[in-house]
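Inspection log for the structure reproduced underneath, given as structure tokens.
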Amino acid sequence: MDLSTLTMLELRKLEDNVKQELNGREREDLNKAREQIMAIAQQAGIPLKQLILDGLHPRTGKVAVRYRHPDNAAEQWTGRGRQPLWVKQWVESGKSIDLLRV
């Protein structure tokens, strides 16, 4: 097909047809993949919900404690997420966070 012979209107129509065809094929491919995944999970005896959730939130184990309050060993922090109040207070009082490192 020689596209240089088509008018702008014909090219736009062709573009729309290509987009529609691509969308349809993507849906078909997605449905086929979904059916294959469901069949594999069923053959393996794995509930689909477990398969999906474990993939989203892999179990990696506990994170090691990196900071501990010197006067209260029960106050610990891994260094991830928000700083606990006791860490904030420690730093705001002018002390170095490195003194809390385990």
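In terms of numbering that gives the first Met the number 0, the sequence shown opens at residue 0 and continues consecutively. Ideal Cβ positions, reconstructed from N, Cα and C, are used throughout, including at glycine. Only a predicted model underlies this, so the values are computations on that prediction, with no experimental measurement involved.
Give the straight-line distance between the Cα atoms of R79 and S92, rounded to the nearest whole angstrom.
Using only the alpha carbons, I get a separation of about 21 Å.
What separation, rounded to the nearest whole angstrom, lies between the Cα atoms of E25 and Q35?
If you take the alpha carbons of E25 and Q35, they lie about 15 Å apart.
In whole angstroms, what is the alpha-carbon distance linking K61 and N22?
Rounded to whole angstroms, K61 to N22 spans 43 Å at the Cα level.
Across which residues does DSSP place Q75 in a beta bridge pair?
Per DSSP, R67.
Would you kindly work out how many angstroms separate the C-alpha atoms of P69 and Q82, rounded to a whole number?
P69 and Q82: Cα-Cα distance of roughly 16 Å.
Going by the DSSP bridge assignment, what does R100 pair with across the sheet?
Note: R100 sits in a beta bridge opposite Y66.
Which of the three DSSP states is assigned to I39 in this structure?
Helix at I39.
Buried or exposed for L8, please, with buried defined as at least 16 other CB atoms from any protein chain shown within 10 angstroms of its CB.
Burial call: exposed.
Return helix, strand or coil for R11, following the three-state DSSP convention.
In the structure shown, R11 sits in a helix (DSSP, three-state: H, G or I).
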